[in-house]
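*Asks:* So for the sequence shown, the UniProt record's numbering puts the first residue at 1; every next one is plus one.
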Amino acid sequence: MNQADVTKLISQLRIAVRPSQRNLKNSDGPEGRLLKLRKTVTALMKHERIELYYNRADEARGYAELVRIISNGYNISSLHSIPIPKQLISNAIRHGDRHKATMELADYWLLEKQLVHKLFKVLVPRYENYNVSYTRMYRAPRDYPGMYYRQSVLELRGNPYPSLVMDQSHNRNLLHNVLLDEARKEFRRKKLADLVN
1 MNQADVTKLI
11 SQLRIAVRPS
21 QRNLKNSDGP
31 EGRLLKLRKT
41 VTALMKHERI
51 ELYYNRADEA
61 RGYAELVRII
71 SNGYNISSLH
81 SIPIPKQLIS
91 NAIRHGDRHK
101 ATMELADYWL
111 LEKQLVHKLF
121 KVLVPRYENY
131 NVSYTRMYRA
141 PRDYPGMYYR
151 QSVLELRGNP
161 YPSLVMDQSH
171 NRNLLHNVLL
181 DEARKEFRRK
191 KLADLVN
């Protein structure tokens, strides 16, 4: 069958998306919830690592990677039209700063306008050759005693901060390192026995 390859038309999402609907509420309604998400995405782009509640971090991660724009000529801040999924960073990499829809998308989601320049001048060159997600999320310990909400750390990959996960590849007590040490000792014993004989 002679079909066109449509996988290049839409950017692939590189994070797991929850199949169930989120029921996160805001006292200001849907507009207030979107404003809070925009503030979170702006803070993520500005600081490159933020700590917040797990539910908000999970949703903001999706909006940093998967951002919705409005189709059919509607205003982007309109809440009553059909959204099409697009990725902010991925679209910035694919289309650059000359693409009108990408600039409109970046202008909507980034509240501080100097971050639009950071998106195209710093983040796009950093993520051009990435084949994994652009964000990373870790669960943080809960405060005790305190609120029961789960905490998390959301960060952009390749940020200038030290890693939150320790590199344990050089830990001598890990199973594969113990096995490699024993194999190395056995190899040396055999070589020494061959030299003696």
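All residues carry an ideal CB built from backbone N, CA and C; glycine is no exception.
1. Reducing DSSP to helix, strand and coil, say where glutamine 114 ends up.
2. At what residues does the beta strand (DSSP E) containing methionine 103 begin and finish?
3. Run through the segment 136–188 for me and flag every whole beta strand (DSSP E) of 3 or more residues, listed as ranges in chain order.
4. Using 8 Å as the cut-off, can you tell me whether the segment 120–128 makes contact with the segment 93–105, which would need three or more C-beta pairs spanning the two stretches below that distance?
5. If you compare alpha carbons, which of Ala43, Leu192, Val196 is closest to tryptophan 109?
6. Compare the beta carbon distance of tyrosine 53 and arginine 139 with 8 Å and say whether it is the shorter of the two.
7. In three-state DSSP terms, what is glutamate 51?
8. What span of residues does the alpha helix (DSSP H) with methionine 134 cover, start to end?
9. Three or more beta-carbon pairs under 8 Å between the segment 145–154 and the segment 55–62, yes or no?
10. Ignore the nearest five residues each way along the sequence and tell me which others in glycine 158's own chain have a CB closer than 6 Å to its CB.
11. Suppose you measure from the CA of valine 196 to the CA of lysine 185; what does that come to, to the nearest Å?
12. Taking 7 Å as the cut-off, is the beta-carbon of threonine 102 closer than that to any non-hydrogen atom of the ligand ADP?
*Replies:* The relevant details are as follows:
1. helix
2. Premise fails: methionine 103 lies in the alpha helix (DSSP H), 100–109, not in any beta strand (DSSP E).
3. 151–156
4. yes
5. Ala43
6. no
7. strand
8. The sequence shown places tyrosine at residue 134, not methionine. Tyrosine 134 -> no alpha helix (DSSP H), and no H or E assigned at all.
9. yes
10. Arg126
11. 16 Å
12. With respect to small molecules bound, the structure shown includes none, and the ligand ADP cannot be examined in it.
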